[in-house]
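J.: As given, the protein sequences belong to chains E and B, one line each in that order. Numbering of the first sequence is given in the numbering used here, commencing with residue 4 and proceeding in unit increments. Numbering of the second sequence is given in the numbering used here, commencing with residue 217 and proceeding in unit increments. Pasting in a structure now, in structure tokens, and then I'll have a few things to ask.
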Amino acid sequence: EPEVTQTPSHQVTQMGQEVILRCVPISNHLYFYWYRQILGQKVEFLVSFYNNEISEKSEIFDDQFSVERPDGSNFTLKIRSTKLEDSAMYFCASSEGQPSSGNTIYFGEGSWLTVV
Amino acid sequence: AQSVTQLGSHVSVSEGALVLLRCNYSSSVPPYLFWYVQYPNQGLQLLLKYTSAATLVKGINGFEAEFKKSETSFHLTKPSAHMSDAAEYFCAVSEKGGGNKLTFGTGTQLKVEL
Numbered sequence: 004e005p006e007v008t009q010t011p012s013h014q015v016t017q018m019g020q021e022v023i024l025r026c027v028p029i030s031n032h033l034y035f036y037w038y039r040q041i042l043g044q045k046v047e048f049l050v051s052f053y054n055n056e057i058s059e060k061s062e063i064f065d066d067q068f069s070v071e072r073p074d075g076s077n078f079t080l081k082i083r084s085t086k087l088e089d090s091a092m093y094f095c096a097s098s099e100g101q102p103s104s105g106n107t108i109y110f111g112e113g114s115w116l117t118v119v
Numbered sequence: 217a218q219s220v221t222q223l224g225s226h227v228s229v230s231e232g233a234l235v236l237l238r239c240n241y242s243s244s245v246p247p248y249l250f251w252y253v254q255y256p257n258q259g260l261q262l263l264l265k266y267t268s269a270a271t272l273v274k275g276i277n278g279f280e281a282e283f284k285k286s287e288t289s290f291h292l293t294k295p296s297a298h299m300s301d302a303a304e305y306f307c308a309v310s311e312k313g314g315g316n317k318l319t320f321g322t323g324t325q326l327k328v329e330l
């Protein structure tokens with residue numbers, strides 16, 4: 004069964020450092036997402052990406068965050084200058100169509116980011 | 217704005233007992249609703265979804281959920297719990313025509329005891 008894959012599974016970084024989290028969405032999907040889950044809290048939407056541009060973003064997704072689809076398969080999340088409060092599990096996801104039309108979003112296993 | 221409320225952050229049942237995990241939604245129009253499960257150290261896996269085709273939805277692993285518009289609910293049930301069902305369960309909502317995101321509830325941790 005096709006799946007969303009993410010790397011790394013776990014990364015520890017120093018505060019202020021840049022981090023890039025990588026994802027390979029399901030190949031025929033057109034919509035790509037990043038969500039995050041701070042330990043003990045709910046899963047929160049960060050950003051959605053369609054047709055090579057951001058289609059929606061939350062207030063969490065400020066100027067220190069950026070996303071990119073550098074080639075036909077990868078989808079990345081960059082955090083420019085990490086803060087302690089960025090420590091969380093980051094989930095990449097993809098879907099064929101919009102969830103607002105009933106399409107399923109498929110999630111990867113997550114990248115656990117620890118900022119020290 | 218759409219939202220979901222999951223009553224009970226922790227639910228404990230005996231093996232073989234009924235599982236009932238509650239989810240209520242708040243939306244201006246009946247939305248699309250999803251249940252995801254997260255096993256320890258794993259990602260989110262879709263259990264089932266409601267897309268207005270049928271109010272009783274069957275999912276994987278013997279779970280089902282019933283959409284009740286009058287109660288704005290989408291509770292998840294399983295007739296007989298198994299030890300392998302121990303996980304965290306998330307209800308999520310997407311508003312029809314409302315963009316690209318899912319809004320998640322706070323989750324319910326299910327514990328299954330012998």
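In this text, a Cβ means the ideal position worked out from N, Cα and C, and glycines have one as well. Here the structure is a predicted model, which is why all the values come from computation and not from measurement.
Which residues in the same chain as B:SER289 place their Cβ atom closer than 6 Å to its Cβ, once the five residues preceding and following it in sequence are excluded?
T.: Here residue 289 of chain B is taken as the residue at index 73 of the second sequence, counted from 1. Taken in chain order, the residues that qualify are ASN240.
J.: According to the neighbour-count rule (16 or more other Cβ atoms, all chains shown, within 10 Å of its Cβ), is B:HIS291 buried or exposed?
T.: Numbered from 1 along the second sequence, position 75 holds the residue referred to as residue 291 of chain B. It counts as buried.
J.: What are the partner residues of B:THR221, as DSSP defines its beta bridges?
T.: As a first step, residue 221 of chain B is located in the second sequence; it is residue number 5 there, counting from the start. Paired residues: B:ASN240.
J.: Residues of chain E with a CB under 9 Å from the CB of B:ASN240: which are they?
T.: Taking the first residue of the second sequence as 1, we reach residue 240 of chain B at position 24. Within chain E, no residue comes near B:ASN240; the closest Cβ sits about 15 Å away, beyond 9 Å.
J.: Give me whichever residues DSSP pairs with E:GLN40 in a beta bridge.
T.: Start at 1 with the first residue of the first sequence, and residue 40 of chain E comes out as number 37. BP columns for E:GLN40 point to E:VAL46, E:MET92.
J.: Given a threshold of 16 other Cβ atoms within 10 Å of its Cβ, counted over all protein chains shown, does E:VAL119 qualify as buried or as exposed?
T.: One-based indexing of the first sequence puts residue 119 of chain E at position 116. Flag for E:VAL119 reads exposed.
J.: What residues in the region 44-62 of chain E have a beta carbon less than 8 Å from any beta carbon of chain B?
T.: Result list: GLN44, LYS45, VAL46, GLU47, PHE48, SER51, TYR53, SER58, GLU59, SER61.
J.: What's the gap between the Cα of B:VAL245 and the Cα of B:LEU263?
T.: For the purposes of this step, residue 245 of chain B is taken as the residue at position 29 of the second sequence. For the purposes of this step, residue 263 of chain B is taken as the residue at position 47 of the second sequence. Rounded to whole angstroms, B:VAL245 to B:LEU263 spans 23 Å at the Cα level.
J.: Applying the criterion that 16 or more other CB atoms from any shown protein chain within 10 Å of the CB defines a buried residue, is E:GLU56 buried or exposed?
T.: Working through the first sequence from its first residue, we reach residue 56 of chain E at position 53. Flag for E:GLU56 reads exposed.
J.: In the DSSP assignment, what residue or residues form a beta bridge with B:LYS327?
T.: As a position in the second sequence, residue 327 of chain B is number 111, starting the count at 1. Looking at the DSSP assignment, B:LYS327 forms a beta bridge with B:SER228.
J.: How would you list, in chain order, the residues of chain B whose beta-carbon sits under 7 Å from the beta-carbon of E:LYS108?
T.: Reading the first sequence from its first residue, position 105 is the one you call residue 108 of chain E. The residue you asked about is not Lys; residue 108 of chain E is Ile in the sequence shown. Those are LEU318, listed as they occur along chain B.
J.: Whose C-alpha, out of B:GLU329, B:PHE320, B:LEU326, is nearest the C-alpha of B:THR221?
T.: Taking the second sequence and counting its residues from 1, one reaches residue 221 of chain B at position 5. The residue with the shortest Cα to Cα distance from B:THR221 is B:PHE320.
J.: Which residues mark the beginning and the end of the beta strand (DSSP E) in which B:LYS274 is found?
T.: In the second sequence, residue 274 of chain B corresponds to position 58, counting from 1. Start and end: 272-274.
J.: Give the DSSP-derived three-state secondary structure of E:GLU71 in the structure shown.
T.: As a first step, residue 71 of chain E must be located in the first sequence, where it is residue number 68. E:GLU71: strand per DSSP, three-state reduction.
J.: Measuring alpha carbon to alpha carbon, tell me which of B:SER286, B:PHE306, B:TRP251, B:GLU329 ends up nearest B:HIS298.
T.: To locate residue 298 of chain B, count along the second sequence from 1; it is residue 82. Looking at the Cα atoms, B:GLU329 is the closest of the given residues.
J.: With DSSP as the reference, label B:CYS286 as helix, strand or coil.
T.: Counted from its first residue, the second sequence places residue 286 of chain B at position 70. In the sequence on display, residue 286 of chain B carries Ser and not Cys. Helix.
J.: Please go through the same chain and pick out, in chain order, the residues whose beta-carbon is closer than 6 Å to the beta-carbon of B:GLU157, but skip the five residues on each side of it.
T.: Any answer about residue 157 of chain B is impossible in this case: the structure gives chain B only from 217 up to 330.
J.: What residues match up with E:GLN20 in a beta bridge as DSSP calls it?
T.: Position 17 of the first sequence, counted from the start, is the residue given in the question as residue 20 of chain E. In DSSP, E:GLN20 forms no bridge with anything.
J.: Which word fits B:THR271, buried or exposed, when buried means at least 16 other C-beta atoms lie within 10 angstroms of its C-beta?
T.: For the purposes of this step, residue 271 of chain B is taken as residue 55 along the second sequence, with counting starting at 1. B:THR271 comes out exposed.
J.: On the CB-based measure, 16 or more other CB atoms within 10 Å of its CB, does E:ILE82 come out buried or exposed?
T.: To locate residue 82 of chain E, count along the first sequence from 1; it is residue 79. That one is buried.
J.: Provide the residue(s) that pair with E:ILE29 in DSSP beta bridges, ordered along the chain.
T.: Numbered from its first residue, the first sequence carries residue 29 of chain E at position 26. Answer by DSSP bridge pairing: none, since E:ILE29 is not bridged.
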